[in-house]
Structures are given as C-alpha cells and as structure tokens.
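Here the structure is laid out as structure tokens; the discussion comes afterwards.
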Amino acid sequence: VKAWRLAGYPKASRITKELLDFWFNNKERRPNLHLFFCQREAVETAVWLNEIAERDPNVGNYMLNQLMERRHTVSNDDAFVLPRTAFKMATGTGKTVVMAMLILYNYLNKRANPQDTHYADHFLICTPGITIRDRLGVLQLDFSTRGNEYDKTDYYHQRGLIPVQFERELGGLNSSITIVNYQQFLPRVFSGKHASPLDGKQKWKDGELVPQKETEDYSVLLNRVLEKGVKGKRIVVINDEAHHCYLPKKDKEKLSEDEKDDLKNENEVAMVWYEGLRQMKLLGYKLQHVYDFSATPYY
Numbered sequence: 006v007k008a009w010r011l012a013g014y015p016k017a018s019r020i021t022k023e024l025l026d027f028w029f030n031n032k033e034r035r036p037n038l039h040l041f042f043c044q045r046e047a048v049e050t051a052v053w054l055n056e057i058a059e060r061d062p063n064v065g066n067y068m069l070n071q072l073m074e075r076r077h078t079v080s081n082d083d084a085f086v087l088p089r090t091a092f093k094m095a096t097g098t099g100k101t102v103v104m105a106m107l108i109l110y111n112y113l114n115k116r117a118n119p120q121d122t123h124y125a126d127h128f129l130i131c132t133p134g135i136t137i138r139d140r141l142g143v144l145q146l147d148f149s150t151r152g153n154e155y156d157k158t159d160y161y162h163q164r165g166l167i168p169v170q171f172e173r174e175l176g177g178l179n180s181s182i183t184i185v186n187y188q189q190f191l192p193r194v195f196s197g198k199h200a201s202p203l204d205g206k207q208k209w210k211d212g213e214l215v216p217q218k219e220t221e222d223y224s225v226l227l228n229r230v231l232e233k234g235v236k237g238k239r240i241v242v243i244n245d246e247a248h249h250c251y252l253p254k255k256d257k258e259k260l261s262e263d264e265k266d267d268l269k270n271e272n273e274v275a276m277v278w279y280e281g282l283r284q285m286k287l288l289g290y291k292l293q294h295v296y297d298f299s300a301t302p303y304y
C-alpha cells in the first residue's frame, strides 16, 4: 500500500484517484481539516484490496489469498464465511470519518460506472446500540441551506470530504444508507399482541398442551429492516464497535464461572448480530464487503 501511495495510486479509477488526492495530497486543505495518517492508511488499504490487489499477480493476489484463508478459519461451512476485513483503530482516531470516505468512494465510483462490480451502491451501518446508531447520523448528508458547508451537520461537509466537482452527484446518497442497531436483527416471536397464523392454537410439549408460537422468518425480518430493492444491490456492511459481532468462542475450560456468564451474555449479543449478516448472505443479498471497525477486537 505504501509503494502504491508513493507511486501516485497507479491503476486506480479516475474518480478514486481524484478522491484520494483531494483527501490526502491537497495542499489547499485547511489545517484543521487535515486527516490523521491512520485514517489515510485505513482508506488506502480498503481501496487497494478492493480495486488494485487483483491486478497485481504477485503481492496483490498473495494478500487476497491470505485474507480469504483467514476468513475461512471461521468455519468449514461457506454459509458462515463473510467477506470481512477488520480495521483496528484506537479510540479517538476517527473511525466514522473513514466510514464516510469509504461510502463516498463506493457511491461516486458506482454512479460513474454503474456496471462495475467493484463498487457498492448501498451501505448498511450496524451498531451495538441506539446511542451509537443515532450518533452515526452524521453519515447522512445534510441538505439544509444553513450557513456555509462547515455549518452542516454531516461529516462529508464538516470534514471537507467532497470535491466540488462531485457535489451535484450526491442527491441520492441518503437513500443508499441504512443505519441499524444490532437488536433489529432479532426475529420477532408472534404471540399475544402480534398476530400470526398460529396464534391462539396449541401444541403438545413435554406431555402437555402449550400455546403455539411462531418466530419471524429472516426473509420477512430483512425486508422489514432494509429498504425495498436493497436485495438487488451490492452492499457494503460497516460494523461499528465490531468486537461485539463474532461467532461464540467454544473453549471454556479455563474460564471461571463469572467469566463463563460474561461470555454467555456476549455470545448472545454476538449471535443476534452475526446471524443477521449470515442470513443476508444465505438469502441472496450481495455482500460486497463487511468492514469491521473496532479499537478492541477480542480475538
């Protein structure tokens, strides 16, 4: 990535190069808008893996194969293997700005080249709670006419991420972004208030009749959580605080009872989040990349 940077981003698309130069090589950028090197490194690495690595028969293909091998250590079942790439960035280093740049990178390239399968046209932002979900509203473009661009509430304007020649291309950006908290991947259980075809009927369980319940199908859940038409689009998933989204760890022999209880609670959270993404893949959603951002990955 460093060699590619120093060479001036060869083989990148015209729009990619314009964006990277504007963000990182722009001498007219105001001092208070300079980006951290860790942000630059994260964005350049994501772009290099997505757009450049496959064109390099040596280092690039080697790195892609290494990444794929790591992904397959999760499970022997391809249904569990998601196209995940993790970014470990310390607290306060500006992960949300990196998310904004990755969204612009994909969105603008896809607008210019609709048939190019390297780029996504929808963005699913997953968070571990409502507070963080609301805070990530800065990834929605502010179209208000208040003051100058630095008065707008979104990070694209606040952090000076939009080259002037692309400002008019962003009219559909907000409809391309879905921000959820992981609990929205929890299937509803129909009983009582929520009517279902089985509601009120009974079934035998352990030798007695009990009320029948029905759990919401994941295809219904995802249609409810995601906007109409998303299934046909290429999707970039961005997991914020992604250390909460992983498969349960099975090696419990060395843990104390309290640690086992903590692990059980963490695993219950993890499987709601992880299973939601896995079901997207199983049901035919086109997951282009799953980008995990965390300062504290567990394992």
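In my numbering, each residue's number is its place in the sequence shown (first place is 1) plus 5. Every residue, glycine too, gets a C-beta built ideally from N, C-alpha and C.
Which residue wins for smallest C-alpha separation from residue i, given the options the options?
{"i": "serine 18", "options": "Leu146, Val52, Val48", "result": "Val52"}
{"i": "alanine 84", "options": "Leu141, Leu282, Thr150", "result": "Leu282"}
{"i": "serine 181", "options": "Arg116, Val194, Asp121", "result": "Arg116"}
{"i": "threonine 301", "options": "Ala247, Asn186, Thr132", "result": "Ala247"}
{"i": "proline 192", "options": "Glu74, Ala95, Asn228", "result": "Asn228"}
{"i": "aspartate 222", "options": "Glu280, Arg138, Asp82", "result": "Glu280"}
{"i": "lysine 291", "options": "Lys32, Lys265, Arg34, Pro88", "result": "Pro88"}
{"i": "threonine 132", "options": "Ile184, Tyr251, Gly13", "result": "Ile184"}
{"i": "tryptophan 278", "options": "Asp263, Gly234, Glu262, Asp245", "result": "Asp245"}
{"i": "threonine 122", "options": "Lys22, Glu56, Trp28", "result": "Glu56"}
How close, in whole Å, do the beta carbons of residue i and residue j come, if the pair is a contact with beta carbons under 8 Å?
{"i": "isoleucine 240", "j": "glutamine 293", "result": "6 Å"}
{"i": "arginine 164", "j": "leucine 11", "result": "No, arginine 164 and leucine 11 are not in contact; Cβ-Cβ is about 25 Å, not under 8 Å."}
{"i": "valine 102", "j": "tyrosine 160", "result": "6 Å"}
Please go through the same chain and pick out, in chain order, the residues whose beta-carbon is closer than 8 Å to the beta-carbon of residue i, but skip the five residues on each side of it.
{"i": "methionine 68", "result": "Leu54, Ala58"}
{"i": "valine 6", "result": "Glu46, Glu49, Thr50, Trp53"}
{"i": "isoleucine 137", "result": "Asn186, Asp245, Glu246"}
Would you mind sorting residue i into buried or exposed? The rule is 16 or more other CB atoms within 10 Å of its CB.
{"i": "asparagine 114", "result": "buried"}
{"i": "histidine 249", "result": "buried"}
{"i": "phenylalanine 92", "result": "buried"}
{"i": "glutamine 71", "result": "exposed"}
{"i": "valine 169", "result": "exposed"}
{"i": "methionine 106", "result": "buried"}
{"i": "alanine 5", "result": "Because residue 5 is not part of the residues shown, which for the chain are 6 to 304, the question remains open."}
{"i": "aspartate 267", "result": "exposed"}
{"i": "proline 62", "result": "exposed"}
{"i": "alanine 275", "result": "buried"}
{"i": "methionine 73", "result": "exposed"}
{"i": "isoleucine 135", "result": "exposed"}
{"i": "serine 224", "result": "exposed"}
On the DSSP bridge list, what partners appear for residue i?
{"i": "arginine 89", "result": "Val295"}
{"i": "isoleucine 130", "result": "Ile184, Ile243"}
{"i": "threonine 220", "result": "Val194"}
With a threshold of 7 Å on Cβ separation, who are the neighbours of residue i within its own chain once the five nearest residues in sequence on each side are excluded?
{"i": "threonine 158", "result": "Val143, Asp147"}
{"i": "asparagine 111", "result": "Tyr124, Ala125, Val241"}
{"i": "glycine 99", "result": "Phe41, Gln44"}
{"i": "valine 64", "result": "none"}
{"i": "phenylalanine 171", "result": "Leu113"}
{"i": "glycine 289", "result": "Lys236"}
Does the CB of residue i have a neighbour CB from chain D at under 8 Å?
{"i": "lysine 238", "result": "Going by chain labels, chain D is absent from the structure shown, which holds only one protein chain."}
CB-CB under 6 Å to residue i, same chain, minus the five flanking residues each way: which ones, in chain order?
{"i": "asparagine 270", "result": "none"}
{"i": "isoleucine 108", "result": "Phe128"}
{"i": "valine 295", "result": "Leu87, Pro88, Arg89, Val242"}
Less than 7 Å separating the Cβ of residue i from some heavy atom of the ligand FAD?
{"i": "threonine 90", "result": "Absent from the structure shown: the ligand FAD. Ligands present: none."}
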